[in-house]
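Chemist:
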Amino acid sequence: MATKVNPLDELAIRNTLSRYCEALDMKMFDLLDKVFLPDVVASYPFNPDLKGVDQIRTAIINRLGPIKTHHNLTTSTIVFSQDAHSATAITYFQGVHLGQGPHAGKTLTAYGKYQDELACLEASDGDLEGVNGASGVWRIKSRTVAFSGRIGDEAIMKEF
Numbered sequence: 186m187a188t189k190v191n192p193l194d195e196l197a198i199r200n201t202l203s204r205y206c207e208a209l210d211m212k213m214f215d216l217l218d219k220v221f222l223p224d225v226v227a228s229y230p231f232n233p234d235l236k237g238v239d240q241i242r243t244a245i246i247n248r249l250g251p252i253k254t255h256h257n258l259t260t261s262t263i264v265f266s267q268d269a270h271s272a273t274a275i276t277y278f279q280g281v282h283l284g285q286g287p288h289a290g291k292t293l294t295a296y297g298k299y300q301d302e303l304a305c306l307e308a309s310d311g312d313l314e315g316v317n318g319a320s321g322v323w324r325i326k327s328r329t330v331a332f333s334g335r336i337g338d339e340a341i342m343k344e345f
């Protein structure tokens with residue numbers, strides 16, 4: 186018999202997914218520790234075999250560190266496992282990259298989806314990351330990023 190899903194866990198998962206965008210756009214890369222499990226595995230189009238949050242953080246800093254960005258999450262589907270302690274999420278995104286220096290005024294916009302496997306962890310010291318009543322804190326244990334399109338000037342990603 187399936188365990189009843191705590192409806193506040195959906196909000197906690199959405200907050201985790203949103204925290205990723207905040208980490209990238211605000212250049213608060215330590216915040217990725219509150220998005221991913223330490224031993225996360227991930228596949229990004231430009232880095233298909235990342236293992237661990239530190240590798241993800243380094244890859245993101247190398248690619249986006251000096252670039253101004255604005256990430257939006259759009260349609261999202263979250264499905265909980267039968268025991269309600271894990272979930273899968275498919276979330277569509279739009280990531281706008283703003284040109285700087287010789288590319289000021291130019292943009293590159295990426296469209297795609299995040300395919301995530303998430304796990305629920307016990308909250309330490311009662312910290313539920315703003316979602317009182319959730320079952321715990323949620324972290325991504327596996328992520329695959331797939332682009333559906335990219336529009337704009339790719340050079341802004343290479344020349345600052």
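In this note's numbering, each residue carries its 1-based index in the sequence shown increased by 185. Backbone N, C-alpha and C fix where the C-beta goes; we use that ideal spot for every residue, glycine too.
Along the chain, where does the beta strand (DSSP E) containing residue 304 start, and where does it finish?
Modeler: 292 to 306 is the extent of the beta strand (DSSP E) around residue 304.
Chemist: Does the separation of the CB atoms of residue 328 and residue 208 fall below 8 Å?
Modeler: Not closer than 8 Å, so no.
Chemist: Got a sec? Which residues, its chain only, sit under 6 Å from residue 319 by beta carbon, not counting five neighbours each side?
Modeler: Closer than 6 Å at Cβ, skipping near neighbours: 193, 194, 197, 313.
Chemist: Quick one: is residue 336 buried, meaning 16 or more other Cβ sit within 10 Å of its Cβ, or exposed?
Modeler: Burial call: exposed.
Chemist: Buried or exposed for residue 221, please, with buried defined as at least 16 other CB atoms from any protein chain shown within 10 angstroms of its CB.
Modeler: Classification for residue 221: buried.
Chemist: Take residue 291 and list the residues in its own chain whose beta-carbon comes closer than 6 Å to its own, dropping the five residues that flank it on each side.
Modeler: Within the same chain, residue 291 has close Cβ partners 284, 338, 341.
Chemist: Under 8 Å Cβ to Cβ from residue 146, same chain only, skipping five residues before and after it: list those, please.
Modeler: The structure shown does not extend to residue 146, since the chain is modelled only from 186 through 345, so no value can be given for it.
Chemist: Tell me residue 255's beta-bridge partners as DSSP assigns them.
Modeler: Answer is 281, bridged to residue 255.
Chemist: Using three-state DSSP, classify residue 286 as helix, strand or coil.
Modeler: Three-state result, residue 286: helix.
Chemist: Name the two residues that bound the continuous alpha helix (DSSP H) containing residue 203.
Modeler: Per DSSP, residue 203 belongs to the alpha helix (DSSP H) from 192 to 210.
Chemist: Residue range of the alpha helix (DSSP H) that residue 243 falls in?
Modeler: Where residue 243 is concerned, the enclosing alpha helix (DSSP H) stretches over 238 to 249.
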